[in-house]
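Written out below as structure tokens is the structure these notes cover.
Protein chains: 2
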Amino acid sequence: MDMARAPTTFDSFNAVAEPCRRQVLGLLATGELPVNDLVNSLGWHQPQVSKHLRVLLQVGLVRVRRAGRQRLYSINAAPLKPIHDWASTFEHLWQHQLDRVKQRAEAKAVLMREQGGVDRMGPVKK
Amino acid sequence: MDMARAPTTFDSFNAVAEPCRRQVLGLLATGELPVNDLVNSLGWHQPQVSKHLRVLLQVGLVRVRRAGRQRLYSINAAPLKPIHDWASTFEHLWQHQLDRVKQRAEAKAVLMREQGGVDRMGPVKK
DNA sequence: ATATTATATACCCATAATGGAATATGTCAA
DNA sequence: TTGACATATTCCATTATGGGTATATAATAT
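Going line by line, the protein sequences match chains A and B. Taking this note's numbering, the leading residue of the first sequence gets 1, the next gets one more, and so forth. Taking this note's numbering, the leading residue of the second sequence gets 1, the next gets one more, and so forth.
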């Protein structure tokens, strides 16, 4: 009865979920750019670029400045911080997981050294 | 002519764009939980919870384990790392921005101390 | 076998997003 | 003014979401 899905302009999480928009931000990370440069770098149709920029603008991830007949877009990374912070909340969890993977790998390495086995699953032939 | 929007199950970026799903992950961060516990904690309808869990499962953000007639869901944070890493790419940008804000605040504070002015915009009365 | 509990799926609806193509707006030049 | 260039907006078709409600499936208890 209400929204089908949070609009892309709802917050930076939604705006950035679209891979295209992440690409745009990636390019803008190097500095201010006019729309046409983005169009050329990305190889997309100009309206598409403008539309993605509009979404980014609405969530405050980019700023615009007019220079003659072009509009120079620049990044404003601040709204990405909440995303980073939120993900950080879970950092210890994937660390542990990676640790476990690493430990298992090391344990295997030890076994190999001890028994001179081969790095392969299954029982080791005696 | 193709996808209207990347499916929520496309990657963790999209899965996590939905605030509800972040809530679920938040609860699971404390440990394995059966669906019903989530339903009670969140106060949503059970099918809704199951559906969100399904999306999280498809992008690998949760694992399931059967225990009798219940299914115990646990978090698997690994797919959040790419999000964290991606955001980190821009960290220096929002740092700078924050630094600039802080610097401006400090500069203002200095002026206030020097001239005993009031924290207000506009020209300072001589 | 049947009832009960726990969870998943199917169906409906309103909303909206994406890319493409065409067109509008705005700015500068001649 | 007219034309060329830079960018934005509108319209279209396709796709899929998320909530609600009803129902299916699975496991346990009686």
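Idealized CB from N, CA, C, for every residue including glycine. A quick note: this is a predicted structure, and the numbers were derived from the prediction, not measured.
Practice problem: Would you verify that the beta carbon of B/Ala4 is, or is not, closer than 8 Å to some beta carbon of chain A? | Solution: Residue 4 of chain B sits at position 4 when you count from the first residue of the second sequence. No, B/Ala4 does not count as interfacial toward chain A.
Quiz item: Under a three-way DSSP split, which group does B/Val59 fall into?
Solution: Here residue 59 of chain B is taken as the residue at index 59 of the second sequence, counted from 1. In this structure, B/Val59 counts as coil in the three-state DSSP scheme.
Quiz item: Where does B/Ala17 sit, in a helix, a strand or coil, going by DSSP?
Solution: Residue mapping note: residue 17 of chain B aligns to position 17 of the second sequence, counting from 1. Three-state result, B/Ala17: helix.
Self-check item: Neighbourhood of A/Asn36 by C-beta, 8 Å cutoff - its chain only, sequence neighbours within 5 removed
Solution: Indexing the first sequence from 1 puts residue 36 of chain A at position 36. For A/Asn36, where only same-chain residues beyond five positions count, the Cβ hits under 8 Å are Gln46, Gln70.
Exercise. Would you grab the beta carbon distance between B/Ala17 and A/Trp94 for me? Rounded to a whole angstrom, and I think it's under 8 Å.
Key: Looking up residue 17 of chain B in the second sequence gives position 17. Looking up residue 94 of chain A in the first sequence gives position 94. Your pair B/Ala17 and A/Trp94 does not check out as a contact, with CB atoms roughly 19 Å apart and the cut at 8 Å.
Self-check item: Between the CA atoms of A/Pro19 and B/Ala4 - distance to the nearest angstrom
Solution: Translated into positions along the second sequence, residue 4 of chain B becomes position 4. Translated into positions along the first sequence, residue 19 of chain A becomes position 19. Rounded to whole angstroms, B/Ala4 to A/Pro19 spans 13 Å at the Cα level.
Quiz item: What separation, rounded to the nearest whole angstrom, lies between the Cα atoms of A/Phe90 and B/Ser41?
Solution: Position 90 of the first sequence, counting from 1, holds the residue named residue 90 of chain A. Position 41 of the second sequence, counting from 1, holds the residue named residue 41 of chain B. Here the C-alpha atom of A/Phe90 lies approximately 20 Å from the C-alpha atom of B/Ser41.
Self-check item: Alpha carbon of B/Leu72 to alpha carbon of B/Arg63, nearest angstrom
Solution: Within the second sequence, the letter at position 72 stands for residue 72 of chain B. Within the second sequence, the letter at position 63 stands for residue 63 of chain B. The straight-line gap from Cα to Cα measures roughly 8 Å.
Practice problem: Report yes or no: is there a C-beta of chain B within less than 8 Å of the C-beta of A/Arg22? | Solution: On the first sequence, position 22 is the one that residue 22 of chain A refers to. For A/Arg22, the answer is yes, since a Cβ of chain B falls inside 8 Å of its Cβ.
Exercise. Grab the span of the beta strand (DSSP E) containing A/Leu80 for me, first residue to last.
Key: In the first sequence, the residue the question calls residue 80 of chain A occupies position 80. Premise fails: A/Leu80 is in no beta strand (DSSP E) and is neither H nor E.
Quiz item: At a Cβ threshold of 8 Å, is B/Ser88 touching chain A?
Solution: For the purposes of this step, residue 88 of chain B is taken as residue 88 along the second sequence, with counting starting at 1. For B/Ser88, the answer is yes, since a Cβ of chain A falls inside 8 Å of its Cβ.
Practice problem: Could you tell me whether any Cβ in chain B is nearer than 8 Å to the Cβ of A/Leu80? | Solution: Counted from its first residue, the first sequence places residue 80 of chain A at position 80. It does: the Cβ of A/Leu80 has a partner Cβ on chain B nearer than 8 Å.
Quiz item: What did DSSP end up calling A/Lys108 once you bin it into helix, strand or coil?
Solution: In the first sequence, the residue the question calls residue 108 of chain A occupies position 108. The predicted position of A/Lys108 is uncertain, since its pLDDT is 46 and thus under 50; a value taken from the coordinates is nonetheless stated next. Here A/Lys108 carries a helix assignment [DSSP, helix/strand/coil].
Exercise. Would you kindly work out how many angstroms separate the C-alpha atoms of A/Leu80 and B/Arg65, rounded to a whole number?
Key: Taking the first residue of the first sequence as position 1, residue 80 of chain A is located at position 80. Taking the first residue of the second sequence as position 1, residue 65 of chain B is located at position 65. Taking the Cα positions, A/Leu80 is about 34 Å away from B/Arg65.
Practice problem: Using a cut-off of 9 Å between C-beta atoms, extract the partners of A/Trp94 located in chain B. | Solution: Reading the first sequence from its first residue, position 94 is the one you call residue 94 of chain A. Result: Asn76, Ala77, Ala78, Pro79, Leu80, Lys81, His84.
Quiz prompt | Beta-bridge pairing of A/Leu64 - partner residues as DSSP gives them | solution = In the first sequence, the residue the question calls residue 64 of chain A occupies position 64. According to the sequence provided, residue 64 of chain A is Val. The question's Leu does not apply to it. Paired residues: A/Tyr73.
Quiz item: Any Cβ of chain B within less than 8 Å of the Cβ of A/Pro47?
Solution: What you label residue 47 of chain A is simply residue 47 of the first sequence in a count that begins at 1. Not an interface residue.
Quiz prompt | Expected contact under 8 Å - CB spacing of B/Ile75 and B/Leu61 to nearest Å | solution = By 1-based counting over the second sequence, the position of residue 75 of chain B is 75. By 1-based counting over the second sequence, the position of residue 61 of chain B is 61. Between B/Leu61 and B/Ile75 the Cβ distance is about 7 Å, and since that is below 8 Å, they are a contact.
Practice problem: Mind reading off the beta-carbon distance from A/Ala67 to B/Ala87? Whole number of angstroms is fine, and I expect it under 8 Å. | Solution: The sequence position of residue 67 of chain A within the first sequence is 67, counting from 1. The sequence position of residue 87 of chain B within the second sequence is 87, counting from 1. With a contact defined as Cβ atoms closer than 8 Å, A/Ala67 and B/Ala87 miss out at about 29 Å.
Practice problem: Could you tell me which chain A residues have their CB closer than 9 Å to the CB of B/Asn36, listed as they occur along the chain? | Solution: Position 36 of the second sequence, counting from 1, holds the residue named residue 36 of chain B. Within chain A, no residue comes near B/Asn36; the closest Cβ sits about 23 Å away, beyond 9 Å.
Quiz item: Roughly how far, in whole angstroms, is the beta-carbon of A/Leu33 from the beta-carbon of A/Leu25, given that I think they are within contact range, below 8 Å?
Solution: Taking the first residue of the first sequence as position 1, residue 33 of chain A is located at position 33. Taking the first residue of the first sequence as position 1, residue 25 of chain A is located at position 25. A Cβ-Cβ distance of about 11 Å is found for the pair A/Leu33 and A/Leu25, leaving them out of contact under the 8 Å criterion.
Self-check item: alpha helix (DSSP H) segment containing B/Asp11, residue limits
Solution: As a first step, residue 11 of chain B must be located in the second sequence, where it is residue number 11. Segment: none, B/Asp11 is in no alpha helix (DSSP H) and carries neither H nor E.
Quiz item: Quick one: does B/Glu32 have its CB under 8 Å from some CB of chain A?
Solution: Position 32 of the second sequence holds residue 32 of chain B. Taking Cβ atoms only, chain A never reaches closer than 8 Å to B/Glu32, which makes this a no.
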